[in-house]
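Using my numbering, read the sequence shown as starting at 26 and increasing by one per residue. Backbone N, C-alpha and C fix where the C-beta goes; we use that ideal spot for every residue, glycine too. Written below as structure tokens is the structure these notes are about.
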Amino acid sequence: MSFFFASYPWRQTCFSSDDPSSCANALADVLRQGMEYYISFTDRSALMAARPKFNIDCSCPEAQRNIAYLAWVNAHNHKAADVDQRKKAYNRATKSCKKALRKARFDQIW
26 MSFFFASYPW RQTCFSSDDP SSCANALADV LRQGMEYYIS FTDRSALMAA RPKFNIDCSC
86 PEAQRNIAYL AWVNAHNHKA ADVDQRKKAY NRATKSCKKA LRKARFDQIW
């Protein structure tokens with residue numbers, strides 16, 4: 026994109042007029058053209074693009090991990106006696122979530 030803007034004939038295209046409004050419009054058109062050429066455009070949802078392999082098999086362990094995390098943080102903040110057990114439960118839930126994501130990724134490849 027930098028080569029596009031560096032080699033663009035700015036003087037002939039944008040700054041040939043004495044009218045500042047037409048110069049601004051021409052400049053905006055050139056910037057838009059550069060963005061259209063070099064920045065990809067897609068209609069897909071950002072969530073689906075970011076996580077195409079995410080399915081129900083992944084969402085359940087992820088929800089359990091989030092619940093375990095909140096329970097551990099709550100126990101830690103209230104200085105409860107079962108903080109260590111909550112931390113272990115959170116670690117187990119995290120491993121389960123990673124395992125489910127790995128399996129979903131593998132299933133998508135094959």
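With DSSP as the reference, label residue i as helix, strand or coil.
{"i": "Ile64", "result": "coil"}
{"i": "Tyr94", "result": "helix"}
{"i": "Pro86", "result": "helix"}
{"i": "Phe131", "result": "helix"}
{"i": "Pro34", "result": "coil"}
{"i": "Asp107", "result": "coil"}
{"i": "Cys122", "result": "helix"}
{"i": "Cys39", "result": "coil"}
{"i": "Asp54", "result": "helix"}
Kindly indicate the opening and closing residues of the alpha helix (DSSP H) around residue i.
{"i": "Phe28", "result": "Ser27 to Ala31"}
How should residue i be labelled, buried or exposed, when 16 other C-beta atoms within 10 angstroms of its C-beta is the threshold for buried?
{"i": "Tyr115", "result": "buried"}
{"i": "Arg90", "result": "buried"}
{"i": "Cys85", "result": "exposed"}
{"i": "Ala118", "result": "buried"}
Which whole-angstrom value is the C-beta distance of residue i and residue j, which I expect to be below 8 angstroms?
{"i": "Asp82", "j": "Ala125", "result": "6 angstroms"}
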